[in-house]
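Quick note, the sequence shown lines up with residues 1 to 136 if you use UniProt numbering. Ideal Cβ placement from N, Cα and C applies to all residues, glycine included.
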Amino acid sequence: MDVIFPFECEGKGLFGQIYRPVAKVTFTSSVIDKSVDVWMVVDTGADYSILPRHFAEKLRVSLESDCIKEKTFGVGGSSNIYFCKSKIKAKIGFFEKAVPLAFFDHNEVPALLGRLGFLETFDVEFLKKHIVVFKE
Numbered sequence: 001m002d003v004i005f006p007f008e009c010e011g012k013g014l015f016g017q018i019y020r021p022v023a024k025v026t027f028t029s030s031v032i033d034k035s036v037d038v039w040m041v042v043d044t045g046a047d048y049s050i051l052p053r054h055f056a057e058k059l060r061v062s063l064e065s066d067c068i069k070e071k072t073f074g075v076g077g078s079s080n081i082y083f084c085k086s087k088i089k090a091k092i093g094f095f096e097k098a099v100p101l102a103f104f105d106h107n108e109v110p111a112l113l114g115r116l117g118f119l120e121t122f123d124v125e126f127l128k129k130h131i132v133v134f135k136e
């Protein structure tokens, strides 16, 4: 069975309406019995899946002891990110996986669902009807 999400309308831009492919991902803490729902941009250009910093606290991930700090480079320039040493449980619809995850050093960026170990584990279709479809 497929998991389907409509794109999010970001408003009108210079060249027309802007639609962004998003997916609701539920992450479960390995430390406490708590899950957090995160709407993530489905970003085929992102190598990694990365959440804003405040989600580390919610999931009880210590950036200092549970992660490895690295510098990454993207469209917006360079940024420090924290890679979790262990995979974290993630759920998209009814698909559950243990995935690699990182956290940004700040909160001013959207959550990104990237390729490595997460997006690449699905067949993903981006439909012209502004729908993203996940299949196993």
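Spatial neighbours of residue i within its chain, please: C-beta separation below 8 angstroms, excluding the five flanking residues on both sides.
| i | result |
| --- | --- |
| K12 | I18 |
| K85 | D66, C67, I68 |
Between which two residues does the beta strand (DSSP E) containing residue i stretch?
| i | result |
| --- | --- |
| E57 | Not the beta strand (DSSP E): E57 falls in the alpha helix (DSSP H), residues 54–58. |
| L127 | 123–127 |
| M40 | 35–42 |
| V132 | 131–135 |
| N80 | 77–84 |
Please return the same chain residues whose Cβ sits closer than 6 angstroms to the Cβ of residue i, not counting the five positions on each side in sequence.
| i | result |
| --- | --- |
| Y48 | A102, G114, L116 |
Roughly how many whole angstroms lie between the Cα atoms of residue i and residue j?
| i | j | result |
| --- | --- | --- |
| F7 | V109 | 18 angstroms |
| S62 | K71 | 18 angstroms |
| G93 | L59 | 19 angstroms |
| E64 | V31 | 15 angstroms |
Where does residue i sit, in a helix, a strand or coil, going by DSSP?
| i | result |
| --- | --- |
| E8 | strand |
| L14 | coil |
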